[in-house]
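See below for the structure under consideration.
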Amino acid sequence: MTGVNWARLALVVAAGLILQVSVLDQITVLGAHPDVMILVAAAAGMAAGPQRGAIAGFVAGLAADLVINLPYGLSALTFVLLGFGTGLLRANLAAREVEMTQAAACAAAAAAGTILYAVLGALTGRSGMLGLVTIYAVVDVTLGAVVLAWPVLACLRWVFSGSRARLGLAVPRGGSAV
Amino acid sequence: MAANRRTSQRLTLVMLVLASLTVLTLDYHGEASHAINHVRNAVRDVISPIQRGIAAALHPVGDVFSGTIHYGSLETQNQQLREELGQIRLKLAADAYASAQAGRVLSLAHLPYVAGIPVIASEVIGNSTSNFQSTVELDGGTSSGIGPGMPVVANAGLVGTVVSASSSTATVLLVTDPTSSIPVSIGGTGLYRAVGAGWERALTLDFVAGSTAVHRGELVSTSGLGGGALPAGIPLGVVRSVRVSSEGLSTAVTVTPLVNLDDVQFVEVLEWLEPG
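In order, the protein sequence lines correspond to chains A and B.
So in this note's numbering, spot 56 of the first sequence is number 48, and the numbers just go up one at a time.
So the mapping is simple: this note's numbering equals the position in the second sequence, first residue as 1, plus 48.
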């Protein structure tokens, strides 16, 4: 990752955090709300592979933890695993160059990440993480991700644009990744 | 080449997981936790003006916009009249909103159960960013005199307790959060502990013996015991259900909060100092 990639990542994470706190937190259905920060981690893995997905997830998680009164580092741990996992998923995804497939995979990954967050939270001793609240959270995060996945993916592609070609990961138009 | 890349990927994953676990561990220790809270408060101070601005814009204008949007399809020759009508309606809606807001603020001015305790009026500007925590953000912080541990009430009763405060915002843990635990009495007698039941927007009572007579609709209020973290006599909720266990040894009591926690906008923070 170049300095430009880092700067863009910081910008996208900051914008995501403000969007989350100012707008998405107020859109509550069943007591839960959409989560754009978890989507940033998932989209990073989808846009740039497991390694940079994990790095972006770590950065997004540390930022998200700043506005949450839960153990600091819980989101970072979850998002690292999520970014890495989504990156691996992308490598094994049929029709992975189809944007619709990527967006759908991101939404599914965000749902899985929400469950992972609840499980890790429960493991750290936090009460009330597992139960009906988990189901409500998964529903809201997934619905939000369906709407937000495409623009967030576009942002993360912009964040990592340039580094893929330099690392020889880019596939020429009409070419094959195999 | 591919093997090297996989090794590099795994190494990165292990390092980041270890870094996350280190941060988590540090957060459980005193000094590091204080430093993290300082950073959290600084971030809240930066974000809160934006949050406050958007909240202020969304609350009143959202309703007005949804009301005026229906006028978009009127005929062209009535354009001028429509604009005037729209402006009048806008003003009426704004006046009605302001009047309702004033009423809600005034209703907080005569809370019988806070007699003698200094209060700080505040407005809710945001909800919890986590889906797994029941908190709200207030538009006042340490610069307004609000600090951790202070009880927060609305006109009907207890809302929660301040758990952290930056200079311009404060975070209130709602009474329904699973980590919230409040010493209470039922109808002014007994000593129980009301624990939040999460998103059910209810509380459950601990330490209720099977022989205790509890009835639906009874008022549950703070007992003032348990170290005096909360003053006595603040209404919390009413008994929603009572179920005695099959052995008759304990009673499961569910309490519905008096305050509608999904729609709380103005609150008062009690400048209550814990005895000792």
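Quick reminder that beta carbons are idealized off the backbone N, C-alpha and C, glycines included.
The model shown is predicted, which means the values in this text are computed figures rather than measured ones.
| Asked | Found |
| --- | --- |
| Are the region 103 to 116 of chain A and the region 174 to 187 of chain B touching, with three or more C-beta to C-beta distances below 8 Å? | yes |
| Check whether chain B comes within 9 Å of A/PHE50, counting only Cβ atoms and requiring the distance to be less than that. | yes |
| Give the DSSP-derived three-state secondary structure of B/ARG291 in the structure shown. | strand |
| Roughly how many whole angstroms lie between the Cα atoms of B/TYR119 and A/TYR128? | Per-residue confidence for B/TYR119 stands at a pLDDT of 47, beneath the threshold of 50, marking its modelled position as unreliable; the derived number appears in the next sentence. Computed Cα separation, rounded: 36 Å. |
| Short of 7 Å in beta carbon distance, which residues of its chain neighbour A/TRP150, apart from the five on each side in sequence? Order them along the chain. | ARG0 |
| At a Cβ threshold of 9 Å, is B/ASN52 touching chain A? | no |
| Tell me B/SER212's beta-bridge partners as DSSP assigns them. | B/THR219 |
| Between the region 98 to 107 of chain B and the region 90 to 97 of chain A, do at least 3 Cβ pairs fall closer than 8 Å? | no |
| At what residues does the beta strand (DSSP E) containing B/ILE282 begin and finish? | From DSSP, B/ILE282 is part of no beta strand (DSSP E); its letter is neither H nor E. |
| Please say whether B/VAL301 and B/ARG291 have beta carbons closer to each other than 9 Å? | yes |
| Identify the contact partners of B/PRO226 in chain A, using a Cβ-Cβ distance below 7 Å as the criterion. | SER119, GLY120 |
| With distance defined between alpha-carbon atoms, name the residue in B/ARG288, B/GLY238, B/ALA257 nearest to B/GLY274. | B/GLY238 |
| Consult DSSP for A/GLY37 and reduce its assignment to one of helix, strand or coil. | helix |
| Go ahead and label B/LEU253 buried or exposed: buried means 16 or more other beta carbons lie within 10 angstroms of its beta carbon, across all protein chains shown. | buried |
| Mapping DSSP to helix, strand and coil, what is A/PHE50? | helix |
| Measure the beta-carbon distance from B/VAL220 to B/VAL201 and round it to whole angstroms, keeping in mind my assumption that it falls under 8 Å. | With a Cβ gap of about 11 Å, B/VAL220 and B/VAL201 do not count as contacting. |
| In the region 76 to 95 of chain A, which residues sit with their C-beta less than 7 Å from some C-beta in chain B, listed in chain order? | PHE76 |
| Can you find a C-beta in chain A that's less than 9 Å from the C-beta of B/ASN308? | no |
| Taking B/ALA300 as part of the alpha helix (DSSP H), name the residues at either end of that continuous run. | Premise fails: B/ALA300 lies in the beta strand (DSSP E), 299 to 305, not in any alpha helix (DSSP H). |
| Show which residues of chain B have a CB atom less than 9 Å away from the CB atom of A/LEU62. | SER178, PHE180, GLN181 |
| Could you tell me whether the Cβ of B/ILE98 comes closer than 9 Å to any Cβ of chain A? | yes |
| What residue range is occupied by the uninterrupted beta strand (DSSP E) comprising B/TRP254? | Here the sequence assigns Asp to residue 254 of chain B, which means Trp is not the residue at that position. Counting along the chain, the beta strand (DSSP E) containing B/ASP254 begins and ends at 251 to 254. |
| How about the region 22 to 37 of chain A and the region 64 to 83 of chain A: do they share at least three Cβ pairs that are nearer than 8 Å? | yes |
| In three-state terms, what does DSSP make of A/VAL15? | coil |
| Below 6 Å CB to CB, which residues in the same chain sit around B/SER289 once its five sequence neighbours on both sides are set aside? | THR302 |
| Name, going along the chain, the residues of the region 209 to 225 of chain B whose beta-carbon falls closer than 9 Å to a beta-carbon of chain A. | VAL211, SER212, THR219, LEU221, ASP225 |
| Going along the chain, which residues of the region 16 to 45 of chain A sit with their C-beta nearer than 7 Å to a C-beta in chain B? | ASP17, GLN18, THR20, GLY23, ALA24, HIS25, ASP27, PRO42, GLN43 |
| Please say whether B/VAL315 and B/GLU171 have beta carbons closer to each other than 9 Å? | yes |
| Going by C-alpha to C-alpha distance, which of A/GLY53, A/GLN43, A/SER14, A/ASN84 sits closest to A/LEU31? | A/GLY53 |
| Interface residues of chain B around A/SER14 at Cβ under 7 Å? | ILE98, GLN99, ILE102 |
| So with Cβ pairs under 9 Å, would you call B/ALA146 a contact of chain A? | no |
| If you measure from the beta carbon of B/THR302 to each beta carbon in chain A, is any gap under 9 Å? | no |
| Compute the distance between the beta-carbons of A/GLY68 and A/ARG82, then report whether it is under 9 Å. | A small fix is needed here, since residue 68 of chain A is Ala in this sequence, not Gly. Against a cut-off of 9 Å, the Cβ pair of A/ARG82 and A/ALA68 comes out as no contact. |
| Compute the Euclidean distance between the alpha carbons of A/VAL13 and B/SER192, then round it to the nearest angstrom. | 22 Å |
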